[in-house]
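One structure below.
There are 6 protein chains.
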Amino acid sequence: MDVKAEDFFLAAKLDMPRDTKVSKVGSNVTLINVMRIPGLNTLGISLARIDYAPLGENPPHTHPRATEILTVLEGTLYVGFVTSNPENKFLSKVLNKGDVFVFPEGLIHFQLNPNPHKPAVAIAALSSQNPGAITIANTVFGSKPAISDEVLANAFQVEKKTVDWLQAQFWEDNQN
Amino acid sequence: MDVKAEDFFLAAKLDMPRDTKVSKVGSNVTLINVMRIPGLNTLGISLARIDYAPLGENPPHTHPRATEILTVLEGTLYVGFVTSNPENKFLSKVLNKGDVFVFPEGLIHFQLNPNPHKPAVAIAALSSQNPGAITIANTVFGSKPAISDEVLANAFQVEKKTVDWLQAQFWEDNQN
Amino acid sequence: MDVKAEDFFLAAKLDMPRDTKVSKVGSNVTLINVMRIPGLNTLGISLARIDYAPLGENPPHTHPRATEILTVLEGTLYVGFVTSNPENKFLSKVLNKGDVFVFPEGLIHFQLNPNPHKPAVAIAALSSQNPGAITIANTVFGSKPAISDEVLANAFQVEKKTVDWLQAQFWEDNQN
Amino acid sequence: MDVKAEDFFLAAKLDMPRDTKVSKVGSNVTLINVMRIPGLNTLGISLARIDYAPLGENPPHTHPRATEILTVLEGTLYVGFVTSNPENKFLSKVLNKGDVFVFPEGLIHFQLNPNPHKPAVAIAALSSQNPGAITIANTVFGSKPAISDEVLANAFQVEKKTVDWLQAQFWEDNQN
Amino acid sequence: MDVKAEDFFLAAKLDMPRDTKVSKVGSNVTLINVMRIPGLNTLGISLARIDYAPLGENPPHTHPRATEILTVLEGTLYVGFVTSNPENKFLSKVLNKGDVFVFPEGLIHFQLNPNPHKPAVAIAALSSQNPGAITIANTVFGSKPAISDEVLANAFQVEKKTVDWLQAQFWEDNQN
Amino acid sequence: MDVKAEDFFLAAKLDMPRDTKVSKVGSNVTLINVMRIPGLNTLGISLARIDYAPLGENPPHTHPRATEILTVLEGTLYVGFVTSNPENKFLSKVLNKGDVFVFPEGLIHFQLNPNPHKPAVAIAALSSQNPGAITIANTVFGSKPAISDEVLANAFQVEKKTVDWLQAQFWEDNQN
């Protein structure tokens, strides 16, 4: 194997703002993982830049194979995660520029930019070369095909028509 | 350390039906993990019995530290899981008695008993002595304290009052 | 990779009794591992049904890459394992329906159905997608080719002709 | 923690012959593991010297948590291991001074000095700071308390009195 | 254990420039590891800010337990690492703002700010909650006590007095 | 896969002295890793013989993926390693025949034969089937291509011409 510097490099432009209008929730995650830098294979780490619009959010999600550590580059973030059953304890914090926060592997967490006027930016690192991401709303209401409304109505204790309505709008969202 | 057989044993009565009315969703999970059998420490496995009422459900959840393999002992189960972003592909299957299904580590999955008249029972094994469980609805709408309705309204693209209503009923649920 | 539900599924008929006459010792292990469910690859778990004839036995064996956790579905089992040198402590227990027992990775263990009239059934889970199994008698006396009788006579402190006689009958056994 | 060189050192005298008469099988294993060098903790390796009397043997055994790699310092060794069920293939080799052989984790293996006049010596390394060792004969016939003769008679397809006789002599052996 | 948000948080001020005059080589590493955020325990990740003076350098070093992934926040960096024996291939790259580079676990690497007028800043993540750092020059010439000059003279193929002179100045350096 | 004994065997002649004149530093490492015994794949161990000329040295180096445990077969060795920043504590010991010493994963260590008249020999085991080796002097001064003298002059606090001179002689060395 003729190893070369390019296998460990990406001109990722992590210094450049991303368009946060690509999602309805006002955020944009740029993940640099093993699919983008082949030299990361088996090495157990990846890096991301996250842009948040004013009031934008990286909505509740989990990484099935990684813990995340994050620092704020610009703006302010309201962040949190919830512990496992049966406690389901919600831990949250307001982060200012330069603060650091940890989201343990597999737990549901989010970041929200509470400022209505200014964007925010974070750098996050994840303890896997392929951490995966499962956005709760997309997964539960926007999967392809849709999860049976019977399953979700019972799980969320709502009527089926409420589930259908939620799925309809996420279905649309996923077509954009 | 004077090791003895009792450290590796539990009279868990996994043959006995559990009360599925303890939860609104009509299921009951009996997990035998390292907190119940100390000899499991560091050994990377645990076992569970799951009871389902007619139309009962083990609602969408993840195990942050374990893959699950399940077999049906009684009745029928409609099961599924959703893959990570961006595909969010929903894979599902109807399982009959004796069938086996695998839910990979960290992915959101569920089991539902589609039979309106008969209960169902499964045995599941998990690849950790302390797999953890994160029930999506409980975590997102029933955490203590509640996640800010602003976070959830944006994430699920609903109005805040819808979030408040969902949280109110899960809050009740978690007091029972 | 176009992942599909069938990759994580097997119609294994784990509810159906197996023929315990296939072995001289009166037991039959049905193991669902990565060779039977490809989706188990790298996920670190597998599942088995074990049938025991009256007085039948899953004879002393080890799993070189897995801990086992077992529960009794039908009947009664006398189970045990032996700790490493130099203690070689034998820990045993009689298990009734619904009881759970753990056999730590790599240790020699067995299960015997002490009831002369009724069969027994267990479900076991193992902490590897390919746990392996080494049955002591088959390995020591029934290998192909046979281990030199000099090696075994010294190890078991018996005469070579005793070794030859044991090997002869296991050799036969392995041809059936 | 005030770390010092002594935590990583042992005056183990691995150059000195050991007494091979301490066991009936004519061998003596000197294992340097984490109990003897505390600095090995979590580091995943240990080292051993093995002495063999003329015709002496390190009888069939497994290491539940380690692979072994061995080189012959003096004399000749006939070595082998058996693969898992269902193949139970016996792989063997005669090793001369300076040869290297590998015994994979958890498999049953042995070394025998075929020379009736000269001792043999080997150095072995194991891939765990606490590999464990399970000598088959000691475990099966010499455990404390003894495994029920019913279990062993069925497993080895012999009469109970044969089992009793084997256990009696190993019981003696373990008192010496 | 009463877990709280503070266990996963640090007001690390990673947005603030550090003093690069604390070292002769013109750099300053601010590492946020498990000693500073207890919640990182066992989670396999840590984060660092690195400041470089004009022409400053994070000199050749290794992390014994971690791979590093780095992105440039400000300025330009000339970075490189050397592969193992026998190739000892040197891979290097000039990184601009927003570029990403990976330094595989245990390999010797460095970053240098080639700009004589402007500082540079990077954020790096490491695949361990306690990655460790071994600066080659400090370790080889500045250890306490000093490594024997005989060892180093032979290793670096220089005269002992050259070694003594190098050690003298690093010894001074380590007193500052 | 038709596994055979030869996959786990090598006629490595580890009993035979190696030529210590192949390197300027007077040592010769014969490593038996997965490239030489294919059966070692994934098994996490390898073995080495090290020969030392009178006053010869295995110069400061690290193994990026392994801890090393060593015993002296012939002669005497002065050995040591240095702990990570910021302590950089140097731990050393004189080892006689039969002594055992441990070099923890990723730390810089060496062995030197202090005897001007007699050679020394050691057997070492490493906790990886492919431990890697990074000789500090070869890597820093003998890489291909050479590391920029600006990087090294600053790191070692010497003039560029000193770096150039060191590199020139290691460059020669690596051509032999």
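Residue numbers (the numbering used here), protein chains in the order written: chain A, 1 to 176; chain B, 1001 to 1176; chain C, 2001 to 2176; chain D, 3001 to 3176; chain E, 4001 to 4176; chain F, 5001 to 5176. Note that the Cβ used here is the ideal one computed from N, Cα and C, for glycine as well. Quick caveat, the model's predicted, so the values are computed rather than measured.
Tell me, please, whether the CB atom of K5089 of chain F is closer than 8 Å to any CB atom in chain D? With 8 Å as the cut-off, K5089 of chain F counts as an interface residue toward chain D.
Determine which residues share a DSSP beta bridge with E4074 of chain E and list them. E:V4121
What does the alpha-carbon distance come out to for the pair V1163 of chain B and F1141 of chain B? 8 Å
Tell me whether the segment 5064–5074 of chain F and the segment 5140–5156 of chain F touch, counting them as touching only if at least three CB pairs, one residue from each stretch, are closer than 8 Å. no
Below-8 Å beta-carbon distance, D2015 of chain C vs any chain B residue: yes
Under the three-state reduction of DSSP, which class applies to N2138 of chain C: helix, strand or coil? helix
Just the chain E side, please: which residues come within less than 9 Å of K93 of chain A by C-beta, in chain order? Per Cβ cutoff of 9 Å: A4005, E4006, F4008, F4009.
Nearest CA to the CA of A1011 of chain B: which residue from B:T1030, B:N1085, B:E1057, B:P1119? B:T1030
Alpha carbons only, please: which of F:G5098, F:K5024, F:K5118 is nearest the one belonging to P5017 of chain F? F:K5118
Simplified DSSP state of P4064 of chain E, which is helix, strand or coil: coil
Report yes or no: do three or more beta-carbon pairs, one from the segment 1075–1084 of chain B and one from the segment 1105–1116 of chain B, lie closer than 8 Å? yes
Any Cβ of chain F within less than 8 Å of the Cβ of P3059 of chain D? no
Through-space distance from H2061 of chain C to N2088 of chain C, alpha-carbon basis: 15 Å
Could you check whether A1155 of chain B and A137 of chain A sit closer than 8 Å to each other, using their CB atoms as the reference points? Less than 8 Å separates the beta-carbon of A137 of chain A from that of A1155 of chain B.
Let's see if you can read the secondary structure: which residues bound the alpha helix (DSSP H) around N1154 of chain B? 1149–1156
Would you report the Cα separation of N5176 of chain F and A4146 of chain E, rounded to the nearest angstrom? Its pLDDT being 44, under 50, N5176 of chain F is placed unreliably by the model, and nothing is read from it.
Secondary structure of E4057 of chain E, DSSP reduced to three states: strand
How would you label P4131 of chain E, buried or exposed, when you count the other beta carbons within 10 angstroms and need 16 or more for buried? buried
Under the rule that 16 or more other beta-carbon atoms within 10 Å means buried, what is T1071 of chain B, buried or exposed? buried
Grab me the residues of V1022 of chain B's own chain with a C-beta within less than 7 Å of its C-beta, minus the 5 sequence neighbours each way, in chain order. N1028
Euclidean distance between Cα positions of P5038 of chain F and V34 of chain A: 27 Å
Counting only the same chain and skipping the five closest in sequence on each side, list residues whose C-beta sits under 6 Å from that of V94 of chain A. Y78
Boundaries (first-last residue) of the beta strand (DSSP E) holding R4049 of chain E: 4046–4052 is the span of the beta strand (DSSP E), which, as asked, contains R4049 of chain E.
Per-residue contacts from T2043 of chain C into chain B (C-beta, under 8 Å): The sequence as given places Leu at residue 2043 of chain C; Thr does not occur at that position. Per Cβ cutoff of 8 Å: T1067, V1102, P1104, E1105, S1127.
Taking 8 Å as the CB-CB cut-off, is Q5167 of chain F touching chain E? Q5167 of chain F does not count as touching chain E.
Does the ligand NAP have a heavy atom nearer than 7 Å to the CB of V1158 of chain B? Of ligands this structure carries none, so the ligand NAP is not represented either.
Please return the same chain residues whose Cβ sits closer than 8 Å to the Cβ of F170 of chain A, not counting the five positions on each side in sequence. A137, N138, F141, G142
For T1135 of chain B, tell me which candidate among B:Q1167, B:H1063, B:K1004, B:V1102 has the shortest Cα-Cα distance. B:H1063
For A53 of chain A, tell me which candidate among A:K160, A:N113, A:F9, A:S127 has the shortest Cα-Cα distance. Checked all of A:K160, A:N113, A:F9, A:S127; the closest Cα to A53 of chain A is A:N113.
Neighbour flag for S4143 of chain E against chain F, beta carbons, 8 Å: yes
Can you name, in chain order, every residue of its own chain whose Cβ lies under 6 Å from the Cβ of L2047 of chain C, other than the five neighbours on each side? Counting only residues of its own chain and dropping the five nearest sequence neighbours on each side, L2047 of chain C has a CB closer than 6 Å to the CB of I2032, A2125.
Chain F partners of I3108 of chain D, CB-CB under 7 Å? Within 7 Å Cβ-Cβ: nothing; I3108 of chain D doesn't reach chain F, min ~14 Å.
On a CA-only basis, which of B:N1115, B:K1161, B:V1102 is nearest N2008 of chain C? Give me that one, please. In the sequence under discussion, the amino acid at residue 2008 of chain C is Phe, which differs from the Asn named in the question. Closest by alpha carbon: B:V1102.
Throw me the rounded Cβ distance for the N1041 of chain B and Q1167 of chain B pair, which I believe falls under 8 Å. About 37 Å separates the two Cβ atoms, so there is no contact after all.
Neighbour list for K4097 of chain E in chain A, Cβ cutoff strictly below 8 Å: Under the 8 Å cutoff, chain A gives D15.
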